[in-house]
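Take a look at the structure below.
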Ligand code: DLL
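Numbering (our numbering), first residue to last: 2 to 437.
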């Protein structure tokens, strides 16, 4: 197989040289981190005050971990390592209790992120001759702009379609003979169902590849997408805290996701004991940014579970591969690609005066898309009045939740005492989505 590559000097770099590069980048990262009050404190706690205190990559193990809660507590600029004038963009993501987290970027950070995405796109065999339709949300979510810049860097014709509006997506695909798309796997299956419903078969489209990510999915789902649309689909992993997409991507061989190790120092740990795990053992992915100036992050606990694939990839890249992600070590839900913590929903419900004490969050599949159902008890007096008032309240709660968690739920209202009460620790989330 002819291996397409964007940056051969880095992608095929010998491990030893790659590790030397990591060490140099790590020292720079420590220097940047030491500009933030947050890391000054944290690093002083472990006796580290100068970048030169790091003498080998093993020293990473002495660095403090960083969690999503740390980012939330440091919001908005406790982790900003450069002058504000140097920052050209920020992206936010949801925090555990509704308080967002923020990642800032300098122009250099954006350029570097763009380079990583260009590597990913090229690794799948997509080229400047492709027409690329980006079906993920443009805005604070990183899937839109992240892929957009990378695809432009590769020289593709980019259609910034953003998410949703399936009718228009189909029209754009047909008018411009889109050859590569980027979407969540659930949306791509939904799009396929719409295409099939309109009698549009793969032969009427120019589609040849898809980048799928932002949510967990199985090998079977990938195969389904590939066979129904007659395309090649590549798994893409990333998270806002590590820029967004462009962290790890499958190459033509699809035997795990190459993680760009010149940009991220990777560890896999046991989430309970925090001890490092050996290659092949499944645990929590922990990453240290090696190139980011504006918001350097040390040993960020992603909560994502995976393991390192052993052996060399036939493509020849030296950057190690992560296996398909198997889940998370916290309770974060991913609903049609949007991250939602149950605690955010609870916070909002409890702030709504009409709401009673018990509620349930249910997740279902409707076709290929996820559906969020929030069942909540409300005060008895609401059931004695007009139906319209009840409908109003339902809509109000639904809208309140939508504006906060970015997913519009179906809200069901119940009389006090009618929802099941769990004995012991309340189990308020029922995820009825088939494991797919
Ligand atoms: O989802 C970034 C992204 C955009 C990745 C587009 C790929 C494509 P967040 O919104 O911060 O960022 O969500 C990150 O989504 O910690 C994982 O739990 C999950 N996730 C992302 N990609 C995958 C994947 C973007 N390929 C969180 N497989 C991560 C499984 C994924 N889970």
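We put the beta carbon where it would ideally sit given N, CA and C, even for glycine.
Residue range of the alpha helix (DSSP H) that residue 431 falls in?
Note, residue 431: premise wrong, no alpha helix (DSSP H); beta strand (DSSP E) at 430-432.
Count the CB pairs spanning the stretch 218-234 and the stretch 262-270 that are closer than 8 Å, and state whether there are at least three.
no
Since residue 138 and residue 145 are thought to touch, with beta carbons under 8 Å apart, how far apart are those beta carbons, to the nearest angstrom?
5 Å
Where residue 323 and residue 259 are concerned, what is the direct C-alpha to C-alpha distance, given to the nearest angstrom?
6 Å
Tell me whether residue 337 counts as near the ligand DLL, meaning its Cβ is closer than 8 Å to at least one heavy atom of that ligand.
no
Taking the alpha-carbon positions, what's the residue 53 to residue 28 distance?
7 Å
Which same chain residues end up closer than 7 Å to residue 68 when comparing Cβ atoms and leaving out the 5 residues on each side of it in sequence?
302
Less than 9 Å between the C-beta atoms of residue 94 and residue 341, yes or no?
no
Pair within 9 Å by beta-carbon distance, residue 335 and residue 357:
no
Is residue 388 near the ligand DLL, going by C-beta to nearest heavy atom under 8 Å?
no
Does the distance from the CB of residue 222 to the CB of residue 186 come in under 9 Å?
yes
Would you call residue 131 buried or exposed, if buried means 16 or more other Cβ atoms sit within 10 Å of its Cβ?
buried
Tell me which residue opens and which closes the alpha helix (DSSP H) that residue 26 is part of.
16-34
Taking the alpha carbon of residue 416 as the reference point, which residue from 385, 156 and 251 has its own alpha carbon closest?
385
Between residue 64 and residue 23, what straight-line distance do the alpha-carbon atoms span, to the nearest angstrom?
15 Å
Cβ separation of residue 369 and residue 194, assumed to be a contact under 8 Å, to the nearest whole Å
6 Å
Alpha carbon to alpha carbon, how far is residue 328 from residue 350? Give it in angstroms, no decimals.
27 Å
Close-in-space but distant-in-sequence residues of the same chain around residue 122 (CB under 7 Å, 5 per side omitted):
151, 152 and 155
For the alpha helix (DSSP H) that residue 360 lies in, which residues bound it at each end?
Residue 360 -> not in any alpha helix (DSSP H); beta strand (DSSP E) instead, spanning 356-367.
Check whether the Cβ atoms of residue 36 and residue 82 lie closer than 9 Å to each other.
yes
For residue 19 and residue 141, the rounded distance between their alpha carbons:
32 Å
Out of 104, 165, 177 and 189, which one is the CA nearest neighbour of residue 206?
177
Put residue 246 into one of helix, strand or coil per three-state DSSP.
strand
So for residue 222, helix, strand or coil by DSSP?
helix
As assigned by DSSP and simplified to three states, the class of residue 115
helix
Where does the unbroken alpha helix (DSSP H) through residue 168 begin, and where does it stop?
167-177
DSSP on residue 313, reduced to helix/strand/coil?
coil
Is there contact between the stretch 97-111 and the stretch 157-167, where contact requires at least three CB pairs shorter than 8 Å?
no
How big is the Cα-Cα spacing for residue 79 and residue 41?
11 Å
Please give me, in chain order, every unbroken run of the alpha helix (DSSP H) with length at least 4 that falls completely inside the stretch 266-353.
343-352
Using beta-carbon positions only, say whether residue 227 and residue 298 come within less than 9 Å of one another.
no
Consult DSSP for residue 69 and reduce its assignment to one of helix, strand or coil.
helix
Residue 89 versus residue 77 - alpha carbon distance
15 Å
Tell me whether residue 6 sits in a helix, a strand or coil according to DSSP, three-state version.
coil
Taking DSSP as the reference, what is the three-state secondary structure of residue 372?
strand
Coarse secondary structure for residue 237, derived from DSSP in three states
strand
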